[in-house]
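Take 2 as the starting number for the sequence shown in the numbering used here and just add one per residue.
The beta carbon of each residue, even a glycine, is placed where N, CA and C say it ideally should be.
Structure, as structure tokens:
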Amino acid sequence: MKETILVTGGAGFIGSHTAVELLDSGYSVVIVDNFSNSKPEVLDKIRQITGKDFKFYEEDLLNLDGISKIFDENKIDAVIHFAGLKAVGESVEKPVEYYHNNITGSLMLIKAMKKHGCKKIVFSSSATVYGVNNPVPFVEDMPTSATNPYGYTKVMIEQILRDVYVSDNEWSVSLLRYFNPIGAHKSGLIGEDPNGIPNNLLPYIGKVAVGQLPQLNVFGDDYVTPDGTGVRDYIHVCDLASGHLCALKYVLEHNGVEAVNLGTGKGSSVFDVLHSFEKACGKELPYEIKPRRAGDIATCYANTDKAKRLFGWEAKYFLDEMTADGWNFIKNNF
Ligand code: UD1
Numbered sequence: 002m003k004e005t006i007l008v009t010g011g012a013g014f015i016g017s018h019t020a021v022e023l024l025d026s027g028y029s030v031v032i033v034d035n036f037s038n039s040k041p042e043v044l045d046k047i048r049q050i051t052g053k054d055f056k057f058y059e060e061d062l063l064n065l066d067g068i069s070k071i072f073d074e075n076k077i078d079a080v081i082h083f084a085g086l087k088a089v090g091e092s093v094e095k096p097v098e099y100y101h102n103n104i105t106g107s108l109m110l111i112k113a114m115k116k117h118g119c120k121k122i123v124f125s126s127s128a129t130v131y132g133v134n135n136p137v138p139f140v141e142d143m144p145t146s147a148t149n150p151y152g153y154t155k156v157m158i159e160q161i162l163r164d165v166y167v168s169d170n171e172w173s174v175s176l177l178r179y180f181n182p183i184g185a186h187k188s189g190l191i192g193e194d195p196n197g198i199p200n201n202l203l204p205y206i207g208k209v210a211v212g213q214l215p216q217l218n219v220f221g222d223d224y225v226t227p228d229g230t231g232v233r234d235y236i237h238v239c240d241l242a243s244g245h246l247c248a249l250k251y252v253l254e255h256n257g258v259e260a261v262n263l264g265t266g267k268g269s270s271v272f273d274v275l276h277s278f279e280k281a282c283g284k285e286l287p288y289e290i291k292p293r294r295a296g297d298i299a300t301c302y303a304n305t306d307k308a309k310r311l312f313g314w315e316a317k318y319f320l321d322e323m324t325a326d327g328w329n330f331i332k333n334n335f
């Protein structure tokens with residue numbers, strides 16, 4: 002039997018796809034989620050896709066006793082930690098809630114891990130830690146910074162985990178810096194389904210495509226990019242999920258701390274994504290050019306050498322497959 006993996010935030014977008022990949026690969030999975038930005042039905046969809054069962058706890062990471070109980074009741078070999086609040090704009094309005102939820106929640110998790118001798122963790126970080134001053138492509142040893150409370154929580158949790166390792170070299174930590182996850186599982190059963198009006202480009206375009214929002218607002222067409230709109234490194238969520246499995250294998254075999262980019266290394270503009278999505282859904286979608294969004298940078302894409310070198314991992318999917326899989330989920334679920 003393979004190891005038992007605790008997935009925090011396993012009902013969420015990236016967490017659910019990673020849970021599928023773990024179950025498909027024969028790991029035992031325990032999911033903990035508080036459904037703050039996800040739905041309980043996702044759990045049944047994971048069972049449906051994989052034909053496998055797993056334990057689930059509805060619990061908040063802020064509740065140390067509740068989290069400790071999960072470790073008491075299961076022999077957890079490693080943790081993949083996704084749970085956290087992730088809306089940039091909301092984090093500016095509610096900094097205390099963001100710091101408390103993301104930082105304190107992570108500290109409680111680490112405390113429970115320490116108490117139970119579990120010292121292997123894969124953490125869901127973000128390309129947001131490269132801040133606004135680094136040149137592209139982003140390389141893992143560049144200085145980190147942030148422009149908003151959400152971003153700072155990622156920078157800080159990375160630092161906390163580095164310090165935990167310094168205090169005890171038996172720890173094994175992977176800090177995965179995701180670029181822009183989009184797409185959905187091929188089954189169309191799980192995908193990105195945020196509560197309320199989406200902040201991110203793909204779910205927003207999806208809401209326009211199904212007629213729930215009138216148009217896409219393109220935030221700026223005067224960036225120094227090929228078509229003037231922002232360029233990002235969009236990555237299929239299933240590629241991300243497979244990247245987590247590689248990171249997990251790595252932490253199970255090596256001690257230390259490694260930050261690793263998970264991206265494709267290629268940039269696509271807002272118009273590239275919009276037009277690719279239009280091909281997928283077979284219709285033109287209305288849009289309007291709006292002013293730049295505060296805090297946005299012109300171009301963001303990954304240097305992917307380290308993931309290749311350390312994990313033997315690279316992204317497989319192209320933009321058109323990402324938008325086609327995204328639409329397949331959206332048309333059935335939005
Ligand atoms: C955003 C966050 C980032 C976070 C990531 C999580 C900001 C500034 N950054 O990344 O910290 O890790 O989400 O998923 O919020 N766009 C539009 N119209 C829209 C939405 C987006 O034109 O309605 C454009 C943006 O200006 C950007 C691109 O689409 O150029 C991607 O935006 P988005 O999906 O929000 O991701 P990021 O901003 O890259």
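* Are the C-beta atoms of residue 91 and some chain C residue less than 8 Å apart? -> Here chain C cannot be found, since the structure has a single protein chain.
* Asked: Of the choices 143, 19, 5 and 334, whose alpha-carbon is the least far from that of residue 189?
  -> Nearest neighbour of residue 189 by Cα position, chosen from 143, 19, 5 and 334, turns out to be 334.
* At what residue ranges does the stretch 28 to 106 contain a whole run of the alpha helix (DSSP H), taking only runs of 4 or more? -> Fully contained in the stretch 28 to 106 are the following alpha helix (DSSP H) runs of length 4 or more, in chain order: 42 to 51, 65 to 74, 89 to 94 and 96 to 99.
* So, helix, strand or coil for residue 202, using DSSP? -> Helix.
* Reduced DSSP secondary structure (H/G/I, E/B, other) of residue 248 -> Looking at residue 248 - three-state DSSP - the assignment turns out to be helix.
* To do: Run the proximity test for residue 223: is its beta-carbon closer than 7 Å to any non-hydrogen atom belonging to the ligand UD1?
  => No; taking the cut-off as 7 Å, the Cβ of residue 223 has no heavy atom of the ligand UD1 nearer than that.
* To do: With DSSP as the reference, please indicate the residues paired to residue 7 in a beta bridge.
  => Residue 7 is bridged to 31 and 80.
* Can you give the Cα-Cα distance for residue 164 and residue 38, rounded to whole angstroms? -> Their backbone Cα atoms lie some 29 Å apart in a straight line.
* Counting only the same chain and skipping the five closest in sequence on each side, list residues whose C-beta sits under 6 Å from that of residue 180. => Excluding its 5 nearest sequence neighbours in each direction, residue 180 has C-beta neighbours in its own chain below 6 Å: 128, 234, 236, 264 and 303, listed in chain order.
* How should residue 168 be labelled, buried or exposed, when 16 other C-beta atoms within 10 angstroms of its C-beta is the threshold for buried? -> Label assigned to residue 168: exposed.
* The alpha helix (DSSP H) spanning residue 291 covers which residue range? -> Residue range 288 to 291 is occupied by the beta strand (DSSP E) that includes residue 291, with no alpha helix (DSSP H) assigned at that position.
* Would you report the Cα separation of residue 279 and residue 199, rounded to the nearest angstrom? -> Looking at the two C-alpha atoms, the distance is approximately 18 Å.
* Mind checking whether the beta-carbon of residue 163 lies closer than 7 Å to any heavy atom of the ligand UD1? -> Residue 163 Cβ: outside cutoff for every heavy atom of the ligand UD1.
* Beta-carbon proximity list for residue 78, same chain, < 8 Å, skipping 5 on both sides -> Here residue 78 has 4, 5, 6, 119, 121 and 253 as same chain residues with Cβ atoms under 8 Å from its own Cβ, once five neighbours each way along the sequence are excluded.
* Asked: According to the neighbour-count rule (16 or more other Cβ atoms, all chains shown, within 10 Å of its Cβ), is residue 245 buried or exposed?
  -> Residue 245 comes out buried.
* In angstroms with no decimal places, state the Cα-to-Cα distance between residue 132 and residue 153. => Between residue 132 and residue 153, the C-alpha separation is close to 10 Å.
* To do: For residue 2, count neighbouring C-beta atoms within 10 Å of its own C-beta (all shown protein chains included) and say buried if the count is 16 or more, exposed if not.
  => With fewer than 16 other Cβ atoms within 10 Å, it is exposed.
* To do: Please state whether DSSP places residue 235 in a helix, a strand or coil.
  => In the three-state DSSP reduction, residue 235 falls in the strand class (E or B).
* **Backbone secondary structure at residue 188 - three-state DSSP** => DSSP places residue 188 outside both helix and strand once states are collapsed to three, so it counts as coil.
* To do: Have a look at residue 183 and residue 323 and give me their C-alpha separation to the nearest angstrom.
  => When rounded, the distance between both Cα atoms is 6 Å.
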